[in-house]
Every structure is written in C-alpha cells, then in structure tokens.
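Peer 1: Here's a structure for you.
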Amino acid sequence: MTVPRRDFVGLSAVAGLSLLGRGQGRPAAVPDDLAGADVRALGEAMQKGATTSHALTQRFVSRIATMDKAGPAINAVIELNPDALAIADQRDAERKAGKVRGPLHGIPILIKDNIDSADRMKTSAGSLALAASTPPRDAFIVAKLREAGAVLLGKTNLSEWANYRSTHATSGWSGRGGQTKNAYVLDRNPGGSSAGTGAAIAAGFAAIGIGTETDGSIINPSSLNGLVGVKPTVGLWSRSGIIPISASQDTAGPMARSVTDAAILLGALTGSDPRDAATASSAGHTAPDYTRFLAPDGLKGARIGVARNLAGFNPDVDRLLDAAVSALKAAGAAVVDPANLPTANQYADAETTVLDYEFKDGLAAYFASLGPKAPVKSLAELMAWNEKERAREMPYFAQEIFDRAVKCGPLTDAKYRAARAKCLKMTRDDGLDAVMTRHRLDAIISPSNPPAWVTDHLNGDHYTGGDTSFAAVAGYPSVTVPMGFIRELPIGLSFTGRAWSEGTLLKLAFAFEQATKARREPRFLPSIG
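Heads up: the sequence shown begins at 653 in our numbering, then just goes up one per residue.
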C-alpha cells in the first residue's frame, strides 16, 4: 500500500521549501556517502562549513522523495515535519553564533509515530482513528531532542498500535501508513513494530532514529535491517508522551547504523521525568556521554555467555553465531559456551496477561492526556471505531488482542499481580540474574533474529527464532549489532545484561563491531527468491 495522500501533502510542502532554499547563500554540499555518514562526520562537516543543517536536511528530504515514495518505495516515513527546514535554519544560525548544543546539533532524526510531538505533525500509532490527533505537549524524549539541537525530520511508519492489535498481524503494516518494506530485500518483512525507523535508517533517510519496544520492537527491526539497536533498561529513558502498551516493559531507544551513533543518542535523552516514575530509579545509573565506554579493545578480559538454547532455529544463523563466538575469543573475551537460560518458554502466558492488563490501563490514561478532543477515549471506543471502519482498518487482520485486553480488570487484580511476579522470577531471579551470577558474566549473547521472511498479508508474520523476551520482560538492557548475512539478509547478535549495564553492553558491542565490520549498506534488491 502507498502512503495516504495527506502525507504526500506534507512531503511536498517540505520538498518545496527545500527548493526555495537553494540560491540563498547556503552551502549545498553534504558528505558524498549520505547513506553511510555517521553523526560525528556530519557534525564535523557542519562545523567546518562544508555543509549546513539546512543543506543536510534538504538532502534527506530529497532522498526520501526519490527512494521512499518512488524508486524502491520503501514506505518507511509516514509523515515529514513541515517545519524541519526552519528548525535546521535555527540550528545553523546558532552554530554561526558560536552556540553548539552538542553532537546532535543540526542532525536530522526520525522518530516512530507513537511518540508525541506538539507541532504540526500527528501522533497516531499508525491508526486511522488517531490520524488527525495532535498531542498537547511533546513527549519527554522529544523535548530532550529539541534541547540537544536535533532536527525533527519526521515520523516513521510502524506495526499499528506497536503490533498489539492482532495475533495474525503483519509487521510493518498500519492502516494509516500501509506496508513498509525491508531495505535489503524489498519483498521481505522489515520486522516490527519499529519497522519504519529500521528501514528508514538503513536506507539513509536520516542520520539516526528512535524506535520503541515492549518485546522485540527495537531489537527485531534493527537486526532485520542491518542496524545497531539499543533497548535500554526500563526507566533510563522516559516513556511519558509515548502511546503505551506496558508500563513494566515499554521503552524507547536508539536505532542507528553504528554503535557510536547509538551511544551518542542514548546519552542525550536520559533524565528524570516527573511524568514517568520509572525514571526515578535511573538516578546514578546514567551517563551523559556513553561514547566514553567505547574502545576497540573493549572485549579484552570480558566474560560472555552464549545462550545456546536461544539458538538452534536455523543452521545458517548457528554458523554465524559460531563465527561470532570465534571473533569474541580472538578479541580477548572469555566465552562460557553454553550459558543457557533455563527458564526459556516458561513465562509467555504470564507476559501476555501482564501486557493485556497494562495495555488497557495505559491506553485509557494516554487518551485522557489528549484532553476532551481525543478522537476516542477508551479501548472499547477504539474497537467500535475499528469495526465501523473495518474496510480501511482491518483489511488483513482483526483485533483479537483488543478483544482480550478490553475484558481485563484493574491492576489490583490478583491475576495480574501473580502474572507479573512470575515474569520477574522467570526472567530475573531464575533467568538472567541467576546465569550471570553463576558464570560471573558481563553479558549473554544470542542471535537477534531469523532471516527476514517474505511479507504475507494473508498469513501474517513468520517468526522462526530470535529471543527478545528475557531482556524485555525483565526490563533489562539489550544491544543488537550486525554479525553477518544470509543470502543478503542481515542477522544480528544481541548482547544482554543486568539493569543499567548499557555502558558495558555498548563497550562489548562496539569492540565486536570494530572486529568484524559485518554491516554493509542495502542494495534494495526486489527479491532473492
């Protein structure tokens, strides 16, 4: 499906502004390799006067027009910010006056369309029910982006409602945005739910992006699109102003083409937020600059466990995992293989119960935050809206998860509390904490994903492996980094650790990235058969 016409209007408006900007004395040069340029290289080019934020933003807009809406038609960007070039001009003026806010100053960034921005863009979670919804205030992390001097370029498509509507959903599809493609092989799925961010950053539509995760929604699309993705400890980044699924598992996080870029963004958006009580626990655990952890020899002396029971789903993935283990050893790590997680597959039903209860509760609070003009005010109203607009909203799959969640009671229910307690015991006490303590580990590794499957609207997704649930349910951090390819399809390696161990995980992931150089740019192949 194509992006609805209303979003082409936004695209055309920004593209028109970019054309008007030419010939007005602004440098038009940008680094030749736009798709692969990192945040530091772009910042240095602006600092040297080789380019400007305006010119850089203009080039990204042009690339989106020619590759997202035409050409390979990735369909990753759901809406462009009509004020992006004006913001870029402000950042250029500040730089000229000697005010540089930090490494993100003037850097264009895309964010997922479930993150509030109080501007001329909408925040819809991909749902047509919220297609005209403008929140009254920025999400905390969007406010931090603005403070850091970033240029909010636009919003990305996603699996509608962050993939929490149907048990037969297709990742990367939303009623508002249509279907996003995998940047590497176009008929393959981009993963979800942060599908648009994954495909967009892989395709070079912005310097860096933000996704959100409840269970796999950063790690999966990052790895399927050959990116580095960071799923932070719950509470490291605020969730206020993000359309919720789960108060105990939700977090936003960086999606980038390098560990360094992910580290830069991670540090910029930390901070305590009175609107999100979970952030209070991050005090003393944050680093304003996570790049200080990055060193090419960061694996030397590290102890890393291999969760072999989270592999074994694909022989080609296993071969890449074996090669990754060899690379870790060659770089100086002590590898415990296996270091299996014994509670795998023992808490899925409990997690589902927790998510259903928290989704109903959190969604009601989010709708209330929109004020009296909220298009819908409860999950029940949303379900009724979807039924009324079934032809547009449910052409491929229904709302079975909504049907479950709407029947849940309050968070004081014994059923909910027992399920949450089981989740913590299985993933923390008897899971990650137990194994890491037993083997004295700095991290546990496992494959992030299977090879991307052919997008199938009839049958939905075809996940065949790749576990994200231990870190997600525990609320612990995880970092995925490219480890190789299977027939042009990227495969990632996940580093998972205890709460607040982002610095350690980034150090290990960076050293692995530098040792293997596994990532390569997409070729936008139509198919591989």
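All C-beta atoms, glycine included, are put in the ideal place defined by N, C-alpha and C.
Any contact between the region 1066-1073 and the region 812-822? By contact I mean 3 or more CB pairs, one from each, below 8 Å.
Peer 2: no
Peer 1: Classify Asp974: buried if its beta carbon has 16 or more other beta carbons within 10 angstroms, exposed otherwise.
Peer 2: Around the beta carbon of Asp974, a 10 Å sphere encloses fewer than 16 other beta carbons of the protein chains shown; the residue is thus reported as exposed.
Peer 1: In chain order, what residues of the same chain have a beta carbon less than 7 Å from the beta carbon of Phe965, not counting five sequence neighbours either side?
Peer 2: Pro1102, Thr1116 and Gly1117
Peer 1: Would you call the CB atoms of Arg909 and Ile853 closer than 8 Å?
Peer 2: yes
Peer 1: Please classify Pro948: does DSSP put it in a helix, a strand, or coil?
Peer 2: coil
Peer 1: For Arg1080, I'd like the list of residues in its chain whose CB is within less than 6 Å of its CB, leaving aside the five on either flank, ordered along the chain.
Peer 2: Ala1126
Peer 1: Would the beta-carbon of Ala991 be found less than 7 Å away from any heavy atom of the ligand SAH?
Peer 2: By its list of ligands, the structure shown contains no ligand whatsoever, and the ligand SAH lies outside what it can speak to.
Peer 1: Which same chain residues, not among the five before or five after Gln831, have their C-beta less than 8 Å away from its C-beta?
Peer 2: Once the five neighbours on either side are set aside, the close Cβ partners of Gln831 are Met653, Asn727, Thr822, Gly824, Trp825, Thr1107 and His1109.
Peer 1: Quick check: the Cα distance between Val969 and Arg1139, rounded to an integer number of angstroms?
Peer 2: 11 Å
Peer 1: In its own chain, which residues sit with a C-beta less than 6 Å from the C-beta of Leu663, not counting the 5 before and 5 after it?
Peer 2: Bear in mind that the predicted position of Leu663 carries a pLDDT of just 42, short of 50, making it unreliable; the figure below should be weighed with that in mind. Here the set comprises Leu732.
Peer 1: By the 10 Å Cβ neighbour count, where 16 or more other Cβ atoms means buried, how is Pro1129 classified, buried or exposed?
Peer 2: buried
Peer 1: Lys807 lies in the beta strand (DSSP E); which residues open and close that run?
Peer 2: Val803 to Thr808
Peer 1: Tell me whether Pro873 is buried or exposed, calling it buried when 16 or more other Cβ atoms sit within 10 Å of its Cβ.
Peer 2: buried
Peer 1: Tell me which residues share the same chain as Lys1074 and place their Cβ nearer than 7 Å to its Cβ, disregarding the 5 neighbours each side in the sequence.
Peer 2: Tyr999 and Ala1002
Peer 1: Hey, quick one: how far does the beta strand (DSSP E) through Asp861 stretch, first residue to last?
Peer 2: Note that residue 861 is Gly in the sequence shown, not Asp. Taken as a continuous stretch (DSSP letters only), the beta strand (DSSP E) holding Gly861 covers Ile860 to Glu865.
Peer 1: Work out the CA separation of Pro760 and Leu708 for me, nearest whole Å.
Peer 2: For Leu708 and Pro760, the distance between alpha carbons rounds to 8 Å.
Peer 1: Going straight from the alpha carbon of Gly1083 to that of Gly856, what length do you get?
Peer 2: 38 Å
Peer 1: With 16 other CB atoms within 10 Å as the buried threshold, where does Ser1098 fall?
Peer 2: buried
Peer 1: Quick one: grab the DSSP three-state call for Arg840.
Peer 2: strand
Peer 1: Rounded to whole angstroms, what is the Cα-Cα separation between Leu1093 and Phe1164?
Peer 2: 16 Å
Peer 1: I need the straight-line Cα distance from Ser933 to Pro906, nearest angstrom please.
Peer 2: 20 Å
Peer 1: Would you list the residues sitting across from Leu1145 in a DSSP beta bridge?
Peer 2: Pro1099 and Val1133
Peer 1: Let me know the secondary structure DSSP gives Val1087 once reduced to three states.
Peer 2: helix
Peer 1: Quick check on the DSSP output: the beta strand (DSSP E) that includes Glu609 runs from which residue to which?
Peer 2: The first residue shown for the chain is 653 and the last is 1181, placing residue 609 beyond what the model contains.
Peer 1: Classify Asn834 as helix, strand or coil using the three-state DSSP reduction.
Peer 2: coil
Peer 1: For my contact list, Ala979 and Arg955 are in at a C-beta cut-off of 8 Å; report their separation, rounded to the angstrom.
Peer 2: Not confirmed; about 16 Å, so no contact.
Peer 1: Leaving out the 5 sequence neighbours to the left and right, which residues in its chain are closer than 8 Å to Arg927 when beta-carbon positions are compared?
Peer 2: Phe792, Ser890, Ser892 and Gly893
Peer 1: What separation, rounded to the nearest whole angstrom, lies between the Cα atoms of Leu804 and Val988?
Peer 2: If you draw a straight line from the Cα of Leu804 to the Cα of Val988, it comes to about 43 Å.
Peer 1: At what residues does the alpha helix (DSSP H) containing Ala1185 begin and finish?
Peer 2: Here the chain has residues from 653 to 1181 only, and residue 1185 is not among them.
Peer 1: Look at the Cβ atom of Gly1155, then the Cβ atom of Ala939, and state whether they are nearer than 8 Å.
Peer 2: With contacts defined by Cβ atoms closer than 8 Å, Gly1155 and Ala939 form a contacting pair.
Peer 1: Would the region 1162-1178 and the region 831-840 be scored as touching if the rule is three or more Cβ pairs under 8 Å?
Peer 2: yes
Peer 1: Please go through the region 927-1011 and give each complete beta strand (DSSP E) segment of 3 or more residues, from N-terminal end onward.
Peer 2: 955-958 and 986-988
Peer 1: Thinking C-beta only, is Ala1095 closer than 8 Å to Leu1160?
Peer 2: yes
Peer 1: Are the CB atoms of Pro724 and Gly1023 within a distance shorter than 8 Å?
Peer 2: no
Peer 1: Are the beta-carbon atoms belonging to Ala1104 and Leu1145 less than 8 Å from one another?
Peer 2: no
Peer 1: If you reduce the DSSP assignment to three classes, tell me which class Asp1013 lands in.
Peer 2: It is helical.
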